[in-house]
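Engineer: For reference, the structure I am asking about is given below.
In mature numbering (1 follows the signal peptide of the UniProt record, and there is no 0), the protein residues as written are -20 to -1, 1 to 600.
The structure is reproduced here in structure tokens:
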């Protein structure tokens, strides 16, 4: 396709240049332009990158199971896309205008994002039940829990029309909207771009020109595969369209060893990460099919419904009743708690995000209340009739437009569905997660298969949305793999050493090197600390003899060292002094033996890299 447009472009440039030179009349140019418009230009078939010819060398072949499933539309079905906007409306202000808050607005943080999506789902499900004549069957509507909605049947909405449905708070489950919301507006209209798609038109998702790629159908298949996770109540929490985690993993065959405990008041959530890709085949070059790629996913979550005080006790691994926080530990607490959403256990149960940790506690922090200075502990006793159990703990800070507010840790509850962010990780938690995610292939297959069953994407007909849209999910794609012969190391005298397949290691067995080195002039320098007791001068000389024997057994021509220096209480400048001495004596190799107690080891490594000549460093 690109070559054709280049030819047309060159032709137009040529016509323009000829016309500018006076060689063609305007009428002739217009006639040529009309002929060009009548040309039938057909798109070239889309081709993926050519595959590399597979190799032939192998010890054996194996059958491999992939984490890829085919997504096959049984028939070409038209689908329609709509834009949705959900607004909460509040009592009018003095000016007469009723303020609104958009619920479909995107949010980056986990807790408010899931809260907004849950509100959208509550309104959406109520409308599907109440307005069934307008929306049709439940399974014929695909919704992303925000602003995108697909339907199997075209809705009764004109091209430029926005249809509005009104839902009152008493129609919704308790807590589905803000406490002072008077009504919810559900606005829906046709999408301005890609309003109508067909499930078999995959060509638009692949192009040799990146700007022409249209991912709308790919997005639809991803949403279609997520409906079970979105709308099966009490089973999943889903972030975006691709990451779903189980509330009760034990119900689907997961075990304790799949989710080992984490420190810092955290736990491992297990689920799946999935997406829809376009692949070539199976009918050769030019064939395009959608494929579902899914893998088990583990993530660290904050333990919910526990107080911040309990979480801090788990961070420091101490009993809460005996705990006190040293001011030097405040930076660590700030790192682990900043960005965490918490809910007040008293009053209107406000939800806010922790922005900082104070250096003062509830007995030390004072502020003015009713023309007198009171402590935070006294304020809670008089205002809420709450006597704090742990007033010695530092206060939590919320940054508000009016200033900073301070809260006792014991009266704040960690909100649900919050993954641990990168800045909230501790080194102990990272190490535990690395071990938990290092899964053997046999367990990874089992866990991924369990997730496909949980989401009803295992090739069965149980997924009602897939069934309604006539889309089938195949079994896992399988392929043949080659196990390469174990590599061999060639040594001198035509000796070969093969790898141990059990341990994937080689045994040198004192084989001669293929090209053994020759070293006639060299020095040995031992740099040890002033209180070194274990590595003596005699042990250094015994080490040198063993080192030379090993070199000679491997075919190297190794003369006795010119100098063997044992330097007790070595200082940093000793390195340069010994190197200069070796250079003056014509040494081509300097072997340093060093103590771990010395603090300038990195300097010696830098010296190795920055100076010409051969050096070797061994730790004593």
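Cβ atoms here follow ideal geometry from the backbone N, Cα and C, with glycine treated the same way. None of these values were measured; they are calculated from a predicted model.
Once the 5 residues before and after residue 257 are set aside, which same chain residues still bring their CB inside 7 Å of it?
Structural biologist: 271, 273
Engineer: Could you have a look at residue 380 and say whether DSSP puts it in helix, strand or coil?
Structural biologist: strand
Engineer: Please determine, among 502, 534, 577, 518, the residue with the shortest C-alpha to C-alpha distance to residue 560.
Structural biologist: 502
Engineer: Just verifying my parser: in three-state terms, what is the DSSP assignment at residue 544?
Structural biologist: strand
Engineer: Rounded to the nearest angstrom, how far is the Cβ of residue 58 from that of residue 176, given a contact under 8 Å?
Structural biologist: 6 Å
Engineer: Anyone know if the C-beta pair for residue 94 and residue 137 falls short of 8 Å?
Structural biologist: no
Engineer: When DSSP builds the beta bridges, which residues end up paired with residue 332?
Structural biologist: 322
Engineer: Which of the three DSSP states, helix, strand or coil, is assigned to residue 185?
Structural biologist: helix
Engineer: Let's see if you can read the secondary structure: which residues bound the beta strand (DSSP E) around residue 68?
Structural biologist: 58 to 69
Engineer: Along the chain, where does the alpha helix (DSSP H) that runs through residue 98 open and close?
Structural biologist: In this chain, the alpha helix (DSSP H) harbouring residue 98 covers 90 to 110.
Engineer: Got a sec, what are the start and stop residues for the alpha helix (DSSP H) residue 425 sits in?
Structural biologist: 421 to 434
Engineer: Taking the DSSP output, what are the residues bridged to residue 539?
Structural biologist: For residue 539, DSSP assigns no beta-bridge partner whatsoever.
Engineer: Can you check the segment 175 to 254 for any alpha helix (DSSP H) of at least 4 residues that lies completely inside it and give the ranges in chain order?
Structural biologist: 196 to 211
Engineer: What does the alpha-carbon distance come out to for the pair residue 40 and residue 489?
Structural biologist: 28 Å
Engineer: Kindly indicate which residue of 541, 573, 496, 543 has the alpha-carbon position closest to the one of residue 519.
Structural biologist: 573
Engineer: Determine the burial state of residue 388: buried for a count of at least 16 other Cβ atoms within 10 Å of its Cβ, exposed for fewer.
Structural biologist: Answer is buried; the Cβ neighbour count reaches 16.
Engineer: Quick check on DSSP: helix, strand or coil for residue 345?
Structural biologist: Here residue 345 sits in coil by DSSP.
Engineer: Buried or exposed: where does residue 414 fall if 16 or more other Cβ atoms within 10 Å of its Cβ makes it buried?
Structural biologist: Counting other Cβ atoms within 10 Å of its Cβ, residue 414 stays below 16 and is therefore classed as exposed.
Engineer: Just verifying my parser: in three-state terms, what is the DSSP assignment at residue 300?
Structural biologist: helix
Engineer: Report all residues from its chain with a CB closer than 6 Å to the CB of residue 129; omit the five preceding and five following residues, and keep chain order.
Structural biologist: Taking residue 129 as the centre and dropping the five residues before and after it, the same chain places the C-beta of 62, 64, 123 closer than 6 Å to its C-beta, in chain order.
Engineer: Going by beta carbon distance, what residues of the same chain come within less than 7 Å of residue 171, once the five residues before and after it are set aside?
Structural biologist: 61, 62, 63
Engineer: I'd like to check one pair, residue 126 with residue 84: are the Cβ atoms closer than 8 Å?
Structural biologist: In contact: residue 84 and residue 126 (Cβ atoms closer than 8 Å).
Engineer: Can you find at least 3 beta carbon pairs, one from the segment 295 to 305 and one from the segment 349 to 358, that sit closer than 8 Å?
Structural biologist: no
Engineer: Measuring only the C-alpha atoms, how far is residue 43 from residue 463?
Structural biologist: 11 Å
Engineer: Are there 16 or more other CB atoms within 10 angstroms of the CB of residue 557, so buried, or fewer, so exposed?
Structural biologist: exposed
Engineer: Pull up the DSSP beta-bridge partners for residue 527, would you.
Structural biologist: Paired residue(s): none; residue 527 is not in a bridge.
Engineer: What did DSSP end up calling residue 585 once you bin it into helix, strand or coil?
Structural biologist: For residue 585, the predicted structure reports a pLDDT of 49, less than 50, and the residue's modelled location is therefore unreliable. The matter cannot be settled from this model.
Engineer: Does the beta-carbon of residue 287 have 16 or more other beta-carbons within 10 angstroms, so that it is buried, or is it exposed?
Structural biologist: The residue is buried, with at least 16 neighbouring Cβ atoms inside 10 Å.
Engineer: Determine contact between the segment 135 to 155 and the segment 91 to 105, defined as no fewer than three beta-carbon pairs at a distance below 8 Å.
Structural biologist: yes
Engineer: Express the C-alpha separation of residue 367 and residue 203 in angstroms, rounding to a whole number.
Structural biologist: Roughly 50 Å between the two C-alpha positions.
Engineer: Just to confirm my understanding: we take residue 267, look at its own chain, exclude 5 residues before and 5 after, and list those with CB closer than 8 Å. What are they?
Structural biologist: 260, 261
Engineer: If you drop the 5 nearest sequence neighbours on each side, which residues of the same chain put their C-beta closer than 8 Å to that of residue 54?
Structural biologist: 450, 451, 452
Engineer: Could you pull the start and end residues of the beta strand (DSSP E) that residue 486 belongs to?
Structural biologist: Segment: none, residue 486 is in no beta strand (DSSP E) and carries neither H nor E.
Engineer: Can you give the Cα-Cα distance for residue 354 and residue 578, rounded to whole angstroms?
Structural biologist: One Cα belongs to residue 354, the other to residue 578, and the distance between them is close to 55 Å.
Engineer: Quick one: is residue 533 buried, meaning 16 or more other Cβ sit within 10 Å of its Cβ, or exposed?
Structural biologist: exposed
Engineer: Determine the direct distance from the alpha carbon of residue 208 to that of residue 281, and round the result to whole angstroms.
Structural biologist: 22 Å
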